[in-house]
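To convert, note that position 13 of the sequence shown is 13 in our numbering; the numbers rise steadily by one, no gaps.
All C-beta atoms, glycine included, are put in the ideal place defined by N, C-alpha and C.
This structure is a prediction, so every number in the text was calculated from the model and none was measured.
Taking it in order: structure first as structure tokens, then the write-up.
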Amino acid sequence: MSLFDRLRGVFRGRSPGPGRTPVHIHDPRLDGWEVVRDFADVKTARAWHQALNEAGIDAALTADWPLDRFGRGDIALRVQPEDWSEAEFLLSNLD
Numbered sequence: 001m002s003l004f005d006r007l008r009g010v011f012r013g014r015s016p017g018p019g020r021t022p023v024h025i026h027d028p029r030l031d032g033w034e035v036v037r038d039f040a041d042v043k044t045a046r047a048w049h050q051a052l053n054e055a056g057i058d059a060a061l062t063a064d065w066p067l068d069r070f071g072r073g074d075i076a077l078r079v080q081p082e083d084w085s086e087a088e089f090l091l092s093n094l095d
């Protein structure tokens with residue numbers, strides 16, 4: 001077994017990590033989710049998204065329009081309505 005095969009086996013099934021968290025563009029499936037924070041760049045949005053995921057809160061990044069080539073745009077960090085107060089409390093204490 002090659003080193004590549006062993007590494008692939010170790011990382012299989014893991015989440016994509018903060019650098020690869022998708023930004024859902026105009027996705028109606030997430031319209032009912034509550035916005036916790038808005039961000040202007042994808043790098044910052046992904047870091048805050050990771051904080052919620054590590055706390056066990058399901059979150060998603062959304063935008064109404066595609067981001068520019070530098071990863072900038074109007075990005076919303078959303079959670080399910082029942083998780084909003086917990087997410088807000090957590091993020092408020094990270095500010």
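DSSP state of residue i mapped onto helix, strand, coil
{"i": "residue 68", "result": "coil"}
{"i": "residue 44", "result": "helix"}
{"i": "residue 51", "result": "helix"}
{"i": "residue 81", "result": "helix"}
Contacts around residue i, its chain only, beta-carbon distance under 7 Å, and the 5 residues preceding and following it disregarded
{"i": "residue 94", "result": "51"}
{"i": "residue 45", "result": "39, 61, 75, 77"}
{"i": "residue 64", "result": "26, 74"}
Residue i versus the options, residue with shortest Cα-Cα distance
{"i": "residue 37", "options": "28, 67, 49, 70", "result": "49"}
{"i": "residue 22", "options": "32, 34, 85, 78", "result": "78"}
{"i": "residue 26", "options": "91, 44, 67", "result": "67"}
{"i": "residue 43", "options": "55, 76, 82", "result": "76"}
Cβ neighbours of residue i in the same chain (closer than 8 Å, five flanking residues each side left out)
{"i": "residue 70", "result": "41"}
{"i": "residue 57", "result": "79, 83, 86, 87, 90"}
{"i": "residue 81", "result": "32, 33, 34"}
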